Amino acid sequence: RYDAVLLCGGSSVPRDLDIKGRQLKGIHFAMEFLEQNNRRVAGQSMPEAKHINVKDEEVVVIGGGDTGSDCIGTSNRLGAKSITQIEILGKPDTQRGTENPWPQWPLILRTSSSQEEGCDRQWAILTKAFVSQDGEHLSGIKVVDIEWEKDDNGQFKLKERKETERIIPCTKVFLAMGFLHPLKDALLQDLNLPLDTRQNVQTEAYQTLIDKVFAAGDMRRGQSLVVWAIAEGREAANAIDQYLNKNQRTSQKKNLGIYSLE
67 RYDAVLLCGG
77 SSVPRDLDIK
87 GRQLKGIHFA
97 MEFLEQNNRR
107 VAGQSMPEAK
117 HINVKDEEVV
127 VIGGGDTGSD
137 CIGTSNRLGA
147 KSITQIEILG
157 KPDTQRGTEN
167 PWPQWPLILR
177 TSSSQEEGCD
187 RQWAILTKAF
197 VSQDGEHLSG
207 IKVVDIEWEK
217 DDNGQFKLKE
227 RKETERIIPC
237 TKVFLAMGFL
247 HPLKDALLQD
257 LNLPLDTRQN
267 VQTEAYQTLI
277 DKVFAAGDMR
287 RGQSLVVWAI
297 AEGREAANAI
307 DQYLNKNQRT
317 SQKKNLGIYS
327 LE
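Adding 66 to a residue's 1-based position in the sequence shown gives its number in our numbering.
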């Protein structure tokens, strides 16, 4: 019943780690931890049973991005005993390589303010299993060092390094490995919107295949930065403005008895 609708629901389905021991207590998605802490800082109460307490705990953050950094900073301020951040990719160089010239985004080593507060950063590590001493609660993660090698097609493939398998002790793990696609709940189901190959809402010039429905931001392009969200919001507003003006002109012509293919 609206002239236009813009969907900006974000990319909210987190990437999971489907390995042995995933059901153990102490393993959480990063946003579950961060959102809970924000609510607590805002003075909202919550049942003690749902409280993710990291005080005096050994914390491992899986994922080297901004969300992982937020988990590090929050864990430090809540009194974690130790914090380890692991990343499946190799450690970046401190300067640009020949394969990463300007104006490409510089793929170099960065250290966030949260990481500066204190954590052990490790790269090129594959998590193979979550382990437990009592069969119920997390006590560590089994990991192995890896190397990235190019195959005959030029694609990078990971290779486990021999005799590097070990267990990192921990009682809390936060999965901060990015997000897959928007939540496929009643909204997208009821609208029956087509999705692209990455399971994001399919659009052309921000317009979906439903005449008056548009999409922008992470819901349309996948997980990205807030600067892209701002840019997409502006571009989508412009697309909707053009759409509404076009419909208005068409309606005015019809009211005058003038019909057009426009």
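Glycine residues also receive a C-beta, built at the ideal position from the N, C-alpha and C atoms. Quick caveat, the model's predicted, so the values are computed rather than measured.
In its chain, beyond the 5 residues on either side, Val197, Gly206, Ile207, Lys208, Val209 have a beta carbon closer than 8 Å to the beta carbon of Ile233.
Shown here, Thr140 sits in a helix according to DSSP, grouped into three states. In this structure, Glu213 sits near Arg227, with a CB-CB distance shorter than 8 Å. Of the residues assessed, Gly109 falls on the exposed side of the cut-off, its CB having fewer than 16 other CB atoms within 10 angstroms. Non-local beta-carbon contacts of Leu83 in its own chain, meaning distances under 8 Å to residues more than five positions away in sequence, involve Ile128, Thr193, Leu241, Met243 in chain order. Taking the C-beta atoms as reference points, Val279 is found nearer than 8 Å to Leu257.
Between the region 264 to 271 and the region 148 to 156 there are fewer than three C-beta pairs closer than 8 Å, too few to call the two in contact. In this structure, the beta-carbon distance from Thr237 to Glu114 does not fall below 8 Å.
Counting the other Cβ atoms within 10 Å of the Cβ of Met285 gives 16 or more, which makes it buried. As DSSP reads the structure, Ile233 sits in a beta bridge with Lys208.
Residue range 96 to 107 is occupied by the alpha helix (DSSP H) that includes Val107.
Contact check for Ser77 against Gly299 fails: the beta carbons are separated by 8 Å or more.
Taking a C-beta distance under 8 Å as the contact criterion, Val125 and Ser141 qualify as a contact pair. Under the three-state reduction of DSSP, Ser78 is assigned to coil, being neither helix nor strand. Here Arg227 carries a coil assignment [DSSP, helix/strand/coil]. Shown here, Glu202 sits in coil according to DSSP, grouped into three states, outside any helix or strand. Inter-residue distance for Arg67 and Thr164 is about 54 Å (C-alpha atoms, whole angstroms). A direct Cα-Cα distance of roughly 30 Å separates Asp159 from His247.
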